[in-house]
Amino acid sequence: MAMQWAEEQTEARGIMLLANNVTKTFMSNKKEITALDRVHLYINQGEFISLLGPSGCGKSTFLRLVAGLDSMTSGSLELNGAPIVGAGRDRGVVFQQYSLLPWMHAWENVAFALKKTKGLSSAQKKKTAYHFLELVGLKGFERHYPAQMSGGMQQRVAIARALVYRPKLLLMDEPFGALDAQTRRDMQDLLLRIWEEEKCGVLFVTHDVDEAIYLSDRVYVMSAHPGRVAKEISIQMNKSRDWNDMLTDDFVHYKREIVSELERQKALKKLAANG
Amino acid sequence: MRKYTLISLVSILVVVAVWSIVTYSNMIDPLFLPTPGGTLNALGEEIGEGIFFRDVGVSFYRILMGFVISTIFAVPIGMMMATSRSWQAICEPIVALIRYMPAAAFIPLSILWFGTSDMQKFFILFLGVFFQEVIMIADNCKTVNKSLLEVGHTLGFSKGETTRNIVFRAALPGMMDTFRTTWGWAWTYLVVAELVAASDGLGFRIMQAQRYLATDRIVLGILVIGLFGLITDQLFGLLYRKMFPWKTLEKAKG
């Protein structure tokens, strides 16, 4: 049944990432915890997908599996038809805590990602790094250390670093979670602009409903304990890609749909706890 | 900053003043504690005899060699212990065992093996410094933020490349602090080695002075060692700030 579903999906569209029955358990205090329970999902070529859910729903765990930083317990995870084994340069990862190398200038942090790229002189690498910093709006800050930059600026460098080697799939783990509201909005717009330019797929992990609707083509709403995909919502609305989007009837409609799903989960959890 | 320097200076002056008062007033017999003037005098004598700078040079050479040999081994082995479980399993029991054996207890054995040559000093320094240093280096590497390692993996680096390009660089400031600390220990072990078996060096000079009850030369020797320790420590601090300007920025940011 699951296999059939997977095949149908592959045939139907140009699928980039396909997760089938992905389960992840780990031991904690001698008890087996199921972080992810038979997760099915897919990402089409160049599609922007959000994983949305409360903490403990395994959305970050799933992202780490796709990044190849952890291994799953069972199931299959394929990127462009090949199973994911370990980390690789076909994926770019942006972490919540920026994770820049503090001893390097901004441009060196970006150029560092090109270290394994063959056939580029160091001058070309530098030029490319400068270009990508300009793309994320950091022209003039190339020679700043991370400690000299604000959180938003550091995250821009991290995004430039994840994009500079042109991965097919960009993985972002609550990248704007630590930023203030205003910076967050700016970063969302920046991300959309870059995504439209780079045409890569994006797997975006967030717990912010507005953010998920505003950015995504499709949203997977997850439930916690164990982590499951509870609902898949296609966001089909005309997007002018500015803040007015958030005031449209369509937007509110999607928001209501997602919020009611999250509320339903909460009610179920309460019931389970009492029962 | 100027105020800070001023206070530090006053603090040193107070110590010298107390020293002067108790010695010049004959409260303490110069046999037990010489006057500041007497100590300076001893410095003049030793320079005149041509032994002062030779002692300093010889001791400095021994300490540098002992420290460099220890560190050349401690850095790669410590890094391997931090990044590979097998290496940790191989090294840790041996290191942990020898670490608790006092280096000074090896002096008789070291004389049996190497006589009173410089090799004997290097051996004692190595025992005293390496086995502590390697554990500290491993700790420096283990405290590197795990997310930085993951950056390495996601950029397609092999384990070795991640260790060289990320772990080493990220642990380097911590390692510099380790060097600064172990360099201080190296001084202690050198003097211990020279006190027992040497024909020159600052430790030997102190021991010889004791035989002739030349307390002024003993105090001079101790002061000189302290002063060199202070100077090298300042140099380490300067090197740290030059090598890691971003560390200063991080601190300023809080």
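Residue numbers (my numbering), protein chains in the order written: chain A, 4 to 278; chain B, 737 to 990.
Just so you know, even glycine gets a beta-carbon here, dropped at the ideal spot from N, CA and C.
task = Take valine 208 (chain A) as the anchor and find which of A:Arg221, A:Val25, A:Pro86 has the nearest alpha-carbon.
result = If we check each option's Cα against that of valine 208 (chain A), A:Arg221 comes out closest.
query = From alanine 275 (chain A) to lysine 202 (chain A), what does the alpha carbon distance come to, in whole angstroms?
reply = The straight-line gap from Cα to Cα measures roughly 43 Å.
Cβ of threonine 879 (chain B) within 9 Å of any chain A Cβ = No, threonine 879 (chain B) does not count as interfacial toward chain A.
inquiry  = Within 8 Å, do at least three Cβ pairs link the stretch 892-905 of chain B to the stretch 816-836 of chain B?
reply    = yes
ask   = Which bits of chain A does lysine 989 (chain B) rub up against, with CB to CB less than 7 Å?
value = Ala150
ask   = Taking the C-alpha atoms as reference points, what is the distance between glutamate 785 (chain B) and leucine 931 (chain B)?
value = When rounded, the distance between both Cα atoms is 20 Å.
task = Could you please tell me which residues of the stretch 820-838 of chain B, in chain order, have their CB closer than 7 Å to any CB of chain A?
result = none
inquiry  = I need the straight-line Cα distance from glutamine 944 (chain B) to glycine 937 (chain B), nearest angstrom please.
reply    = In this structure, the straight-line span from the alpha carbon of glutamine 944 (chain B) to that of glycine 937 (chain B) is close to 11 Å.
Cβ-Cβ distance between tyrosine 217 (chain A) and glutamine 239 (chain A) below 9 Å = no
message = Quick check on this structure: which residue in B:Gly962, B:Leu949, B:Gly864, B:Cys827 has the alpha carbon closest to the alpha carbon of proline 838 (chain B)?
response = For the set B:Gly962, B:Leu949, B:Gly864, B:Cys827, the Cα lying nearest the Cα of proline 838 (chain B) is the one of B:Gly864.
key: Extent of the continuous alpha helix (DSSP H) run through glycine 910 (chain B)   = 904-932
Spatially closest choice to arginine 267 (chain A) from A:Val167, A:Lys234, A:Trp246, by CA coordinates = A:Lys234
request  = Sort A:Trp198, A:Gly180, A:Lys273 by Cα distance to aspartate 211 (chain A) and report the nearest one.
outcome  = A:Gly180
task = Select from the stretch 93-106 of chain A all residues with a C-beta closer than 8 Å to any C-beta belonging to chain B, and list them in chain order.
result = Arg94, Gly95, Val96, Phe98, Gln100, Ser102, Leu104, Pro105, Trp106
key: Residue-chain proximity (phenylalanine 115 (chain A), chain B), Cβ-Cβ < 9 Å   = yes
key: aspartate 791 (chain B) and arginine 905 (chain B) closer than 9 Å at C-beta   = no
inquiry  = Is asparagine 23 (chain A) near the ligand SAH - that is, is its Cβ less than 8 Å away from at least one heavy atom of it?
reply    = Because no ligand of any kind appears in the structure shown, any question about the ligand SAH cannot be addressed here.
key: Three-state class that DSSP yields for aspartate 176 (chain A) in the structure shown   = strand
ask   = Would a C-beta distance cut-off of 9 Å place leucine 861 (chain B) and isoleucine 961 (chain B) closer than the cut-off?
value = no
key: Which listed residue (A:Val160, A:Met156, A:Lys121) has its alpha carbon closest to that of phenylalanine 135 (chain A)   = A:Val160
request  = For glycine 91 (chain A), return the contacting residues in chain B, with the cut-off set at a CB-CB distance below 7 Å.
outcome  = Per Cβ cutoff of 7 Å: Gly892.
message = Helix, strand or coil, according to DSSP, for alanine 184 (chain A) in the structure here?
response = helix
key: Proximity of isoleucine 871 (chain B) and arginine 835 (chain B) at Cβ, strictly below 9 Å   = yes
ask   = Where does aspartate 765 (chain B) fall in DSSP's three states?
value = coil
query = Buried or exposed: which applies to proline 86 (chain A), given that a residue is buried once 16 or more other Cβ atoms fall within 10 Å of its Cβ?
reply = Flag for proline 86 (chain A) reads exposed.
query = Near alanine 38 (chain A), which residues of its chain fall below 8 Å by C-beta distance, leaving aside the five closest residues on each side in sequence?
reply = Lys27, Thr28, Phe29, Gly61, Thr64, Pro229, Gly230
ask   = Just to confirm, are leucine 182 (chain A) and glutamine 158 (chain A) a CB contact at a threshold of 9 Å?
value = yes
ask   = Residues of chain A with a CB under 8 Å from the CB of isoleucine 902 (chain B): which are they?
value = Leu104
key: In DSSP terms, what asparagine 47 (chain A) is bridged to   = Checking the DSSP bridge columns, you'll see asparagine 47 (chain A) partnered with A:Ile18.
inquiry  = Check this for me: beta carbons of valine 927 (chain B) and proline 770 (chain B), under 9 Å apart or not?
reply    = no
request  = Could you please give the first and the last residue of the uninterrupted alpha helix (DSSP H) stretch that includes glycine 784 (chain B)?
outcome  = 772-785
query = Cβ of valine 69 (chain A) within 9 Å of Cβ of leucine 174 (chain A)?
reply = yes
task = Give me the Cα-Cα distance between serine 53 (chain A) and phenylalanine 254 (chain A), rounded to the nearest whole angstrom.
result = A direct Cα-to-Cα measurement between serine 53 (chain A) and phenylalanine 254 (chain A) gives close to 15 Å.
ask   = lysine 129 (chain A) CB to nearest chain B CB: under 9 Å?
value = no
task = Apply the 10 Å Cβ neighbour rule to methionine 737 (chain B) and answer buried if 16 or more other Cβ atoms are within range, or exposed otherwise.
result = exposed
request  = Counting only runs of 3+ residues fully inside the stretch 198-237 of chain A, write out the beta strand (DSSP E) ranges in chain order.
outcome  = 204-209, 221-226, 231-237
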